[in-house]
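Residue numbers (the numbering used here): 8 to 155. For glycine and all other residues, C-beta sits at the position ideal for the given N, C-alpha and C.
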Ligand SMILES: Cc1cc2nc3c(=O)[nH]c(=O)nc-3n(C[C@H](O)[C@H](O)[C@H](O)COP(=O)(O)O)c2cc1C
């Protein structure tokens, strides 16, 4: 991170540099992330990437094992990514911006991320499953709840 910051700072116009983290980190690892943001002066965190956990799935174990390794996105991630956002925001005393991402499939999911402290939200899998109207519906709900 320090090396990247050095390159970034040498540019005529530096770009915001964010670190994207896994939802599988422990609280103690998240504490380390908070320290890293402070020591490297990066601009924020993207929480979270996909998960290697399989616990949120309710399919038979054999079926899950047959699918093999890889990161899960979407609904199995919703709860954990929100927890990570809330932890980072609370424990750091809101020291840096967090882009909240992970399992946003409805306006309610988006509002939960914002209430957990996300400064911006991002979605990937929800866009595929729910379609572009999801964005409009999220925006409407944000305006309705006066969360801008
Ligand atoms: C097919 C696919 C490809 C992805 N590729 C990347 C990638 O190249 N870089 C990255 O940081 N995250 C990548 N992600 C993670 C997503 O950006 C996002 O953090 C994660 O899927 C959780 O959000 P979601 O539940 O809205 O999909 C990818 C996710 C999926 C499903």
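Checklist entry - For residue 132, is the beta carbon positioned less than 6 Å from some heavy atom of ligand 1? => result Locating residue 132 in the chain shown gives position 125, counting from the first residue. It does: the Cβ of residue 132 is within 6 Å (strictly closer) of some heavy atom of ligand 1.
Checklist entry - Any chance the CB of residue 15 is under 6 Å from a heavy atom of ligand 1? => result Locating residue 15 in the chain shown gives position 8, counting from the first residue. No, the beta carbon of residue 15 sits no closer than 6 Å to any heavy atom of ligand 1.
Item to check | Extent of the continuous beta strand (DSSP E) to which residue 51 belongs | outcome: In the chain shown, residue 51 corresponds to position 44, counting from 1. Note, residue 51: beta strand (DSSP E), 51-54.
Next on the checklist: Three or more C-beta pairs under 8 Å: does that hold for the stretch 38-49 against the stretch 73-88?
Outcome noted: Contact fails: fewer than three Cβ-Cβ distances are below 8 Å.
Checklist entry - Measuring CA to CA, which of 111, 10 and 70 is closest to residue 89? => result Locating residue 89 in the chain shown gives position 82, counting from the first residue. Closest option to residue 89, Cα to Cα, is 111.
Checklist entry - To the nearest angstrom, how far is it from the Cα of residue 51 to the Cα of residue 67? => result To locate residue 51, count along the chain shown from 1; it is residue 44. To locate residue 67, count along the chain shown from 1; it is residue 60. About 38 Å.
Checklist entry - Would the C-beta of residue 91 count as close to ligand 1, meaning under 6 Å from any of its heavy atoms? => result Taking the chain shown and counting its residues from 1, the one referred to as residue 91 is at position 84. Outside the cutoff, so no.
Item to check | Whole-angstrom distance between residue 26 and residue 18, CA atom to CA atom | outcome: As a working note, residue 18 is residue 11 in the chain shown. As a working note, residue 26 is residue 19 in the chain shown. One C-alpha to the other measures close to 19 Å.
Item to check | 7 Å Cβ cutoff met for residue 65 and residue 30 | outcome: Position 58 of the chain shown, counted from the start, is the residue given in the question as residue 65. Position 23 of the chain shown, counted from the start, is the residue given in the question as residue 30. Against a cut-off of 7 Å, the Cβ pair of residue 30 and residue 65 comes out as no contact.
Checklist entry - What is the DSSP secondary structure of residue 129, counted as helix, strand or coil? => result Against the chain shown, residue 129 aligns to sequence position 122. In the structure shown, residue 129 sits in a strand (DSSP, three-state: E or B).
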